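Numbering (this note's numbering), first residue to last: 11 to 396.
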Ligand code: ATP
Ligand code: MG
C-alpha cells in the first residue's frame, strides 16, 4: 500500500468510549446520522472500533468535510492518508506528508499505536520520524510547534494526518431519545435546542403563536430558525400551536397573564410527551434574565408538570448566550422582528407569583381544556424524524 494517493476523512468518536455495552447502539445512531448528513454525496464508509473512515468521491470531498463539522458525537475529524502499519513505511510517508504540508513552523509529532502486537511502539515512531524530518530540514519540536502530525496505527493500517479539526463533541442526536423544546424564536431557545441536541436529544419543537391561521406562521422566521438548526440534525418535528383561545380566556388573569402563558406552554408540551415518547421538556429560560424569570415564577409555572424539565441556559449570562447563538448561526435570524406571544402579554407581569393563585386561575380559565384543544389544532411540520 502506498500513501498519498487518495485522502480519506477520519471521524473520531467523542464520549462514545464511555458507553460500555451500549456502544454498538450509539455507533449505529451515529452512522444513521452520518448517512442523513451526507445524503446526496458519494462516499464509502468503514466502521472501526474507535473511528469511522469516510472515503468520499473526489467530487464530494470538500462537502463531506464541511458537513462533518455539523455532526454531534464526533470529537475530531481529519483529512488522512493510509499506509502500511510498518515503521519504515510510516516514517517515509509521514516525512513526505510533512514536507508537502501547508503552513510554516515546527511540527509536533503525535503517535498512537492502538494495536499493541506491532513490533514497534509510539515512541519508536516519534524517534524515527524526528530523525527523518531533521535530515530533510523539517523543523520538529514537542513544545514550541505551529503544526501537528497525527499518526495512529491499528492492526492492518496506519493513518497519517496533518489536518485535524475539532468536532462538535457531544452525543449522536437521537441516542438520548427525543425532547420537546418550547421554541420561541428569540435568541435563547434556539441555543437551548442546540445544547439539547448536543446531548443526543432529537428535537420536537413546539411554538405557540398568535396568528389567526397556520399559513402565516409557516411563512415566518420560526421555520427558518428551525431550518438553521436542522443543519446540525436533519430529523425533527415541529408543532405550531395557536394561542388565541387561551389569550381570550387569560384576559382575566391580570398581572398573572405571563405566568399563565408559560404554564399553558408547559401543559401543552406535557400533553405531547407521550405521543412523542419523551419525558423531557426543554426551555430557554435563564434565572433573572427578564422580570418574569424569577425563582417564584419558575416554581409556579412548573408545579405538577409530569416531566423532566431541562433549562440548559439557566445560569448563563446573556452575552454568553449571544456568543453561542452567533457561533451556531441562529443569531441573525433570532433578532429579526417577530411578535412573540410573550411580548403581547401584560405589561407589568407579577414577579413573586403565588403558586396557589396560579392553580386557582388555572381552574377558572380551564387551562387543561384550553391546552388539549390547542394541541388538537396545531399545525405539524416534520422532516426525517426517526
Ligand atoms: P427567548 O430568547 O428564547 O425568546 P426570552 O429571554 O425572550 O427567551 P421568554 O420570552 O420569557 O424569554 O421565554 C422564555 C422561554 O419560554 C423561551 O426560551 C422558550 O423556551 C419559552 N417560550 C417563550 N415564548 C414561546 C413561544 N411563543 N412558544 C414556545 N415557547 C416559548
Ligand atoms: Mg422570547
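For glycine and all other residues, C-beta sits at the position ideal for the given N, C-alpha and C. Treat the numbers as computed from the prediction; the structure is a model and nothing was measured.
request  = Return the chain-ordered ranges of every alpha helix (DSSP H) run that is complete within the region 348-392 and spans a minimum of 4 residues.
outcome  = 365-374 and 377-386
inquiry  = Relative to the C-alpha of residue 333, which candidate in 202, 79 and 167 has its C-alpha closest?
reply    = 202
request  = Taking all protein chains shown into account, decide if residue 223 is buried (16 or more other Cβ within 10 angstroms of its Cβ) or exposed.
outcome  = exposed
inquiry  = Quick check: the Cα distance between residue 343 and residue 371, rounded to an integer number of angstroms?
reply    = Roughly 35 Å between the two C-alpha positions.
task = Hey, could you find the ends of the alpha helix (DSSP H) residue 77 is sitting in?
result = 71-78
task = Determine the burial state of residue 266: buried for a count of at least 16 other Cβ atoms within 10 Å of its Cβ, exposed for fewer.
result = buried
query = What is the residue span of the alpha helix (DSSP H) that residue 193 lies within?
reply = Taken as a continuous stretch (DSSP letters only), residue 193 belongs to no alpha helix (DSSP H), as it is neither H nor E.
ask   = Can you tell me whether residue 309 is buried or exposed, with buried defined as 16 or more other CB within 10 angstroms of its CB?
value = exposed
request  = Using 10 angstroms around the beta-carbon of residue 153, count the other beta-carbons present and answer buried if the total reaches 16, otherwise exposed.
outcome  = exposed
ask   = Helix, strand or coil: how does DSSP classify residue 36 here?
value = helix
inquiry  = On the CB-based measure, 16 or more other CB atoms within 10 Å of its CB, does residue 125 come out buried or exposed?
reply    = exposed
key: residue 163 classed as buried or exposed, judged by whether at least 16 other C-beta atoms fall within 10 angstroms   = buried
Residue of 207, 192 and 158 minimising C-alpha distance to residue 178 = 207
inquiry  = Give me the residue from 381, 87 and 45 with the minimum Cα distance to residue 397.
reply    = Residue coverage of the chain in this structure runs from 11 to 396, which leaves residue 397 outside it and unanswerable.
inquiry  = Check this for me: beta carbons of residue 181 and residue 83, under 8 Å apart or not?
reply    = yes
message = Can you determine whether any heavy atom of ligand 1 sits closer than 7 Å to the C-beta of residue 207, and answer yes or no?
response = The answer is no for residue 207.
message = Restricting to Cα atoms, I'd like to know which of 279, 194 and 366 is closest to residue 348.
response = Just measuring C-alpha positions, the residue of 279, 194 and 366 sitting nearest residue 348 is 194.
query = Hey, out of 210, 358 and 369, whose CA is closest to residue 246's CA?
reply = 210
ask   = What is the DSSP secondary structure of residue 11, reduced to helix, strand or coil?
value = In this predicted model, residue 11 has a pLDDT of only 44, less than 50, meaning its place in the structure is not dependable; the value taken from the coordinates is given anyway. Three-state DSSP puts residue 11 in coil, outside helix and strand.
request  = Look up residue 101 in the DSSP assignment and say whether it is helix, strand or coil.
outcome  = helix
key: Extent of the continuous alpha helix (DSSP H) run through residue 235   = Counting along the chain, the alpha helix (DSSP H) containing residue 235 begins and ends at 231-239.
request  = Taking residue 352 as the reference, give the member of 336, 321, 366 and 253 with the closest Cα.
outcome  = 253
query = When burial is assigned at 16 or more other CB atoms within 10 Å of the CB, is residue 239 buried or exposed?
reply = Around the C-beta of residue 239, 16 or more other C-beta atoms lie within 10 Å, and the residue is accordingly described as buried.
Nearest-angstrom beta carbon gap, residue 268 and residue 365 [assumed within contact, 8 Å] = Their Cβ separation, rounded to whole angstroms, is 15 Å, which puts residue 365 and residue 268 out of contact at 8 Å.
request  = With a threshold of 16 other CB atoms inside 10 Å of the CB of residue 303, please say whether the residue is buried or exposed.
outcome  = Label assigned to residue 303: buried.
query = Any chance the CB of residue 227 is under 7 Å from a heavy atom of ligand 1?
reply = Using a cutoff of 7 Å, the CB of residue 227 does not count as near ligand 1, since none of the ligand's heavy atoms is closer than that.
query = Where does the unbroken alpha helix (DSSP H) through residue 273 begin, and where does it stop?
reply = 267-285
key: Spatial neighbours of residue 59 in its chain, beta-carbon cut-off 6 Å, leaving aside the 5 residues before and after   = none
ask   = Do the CB positions of residue 18 and residue 90 come within less than 8 Å of each other?
value = yes
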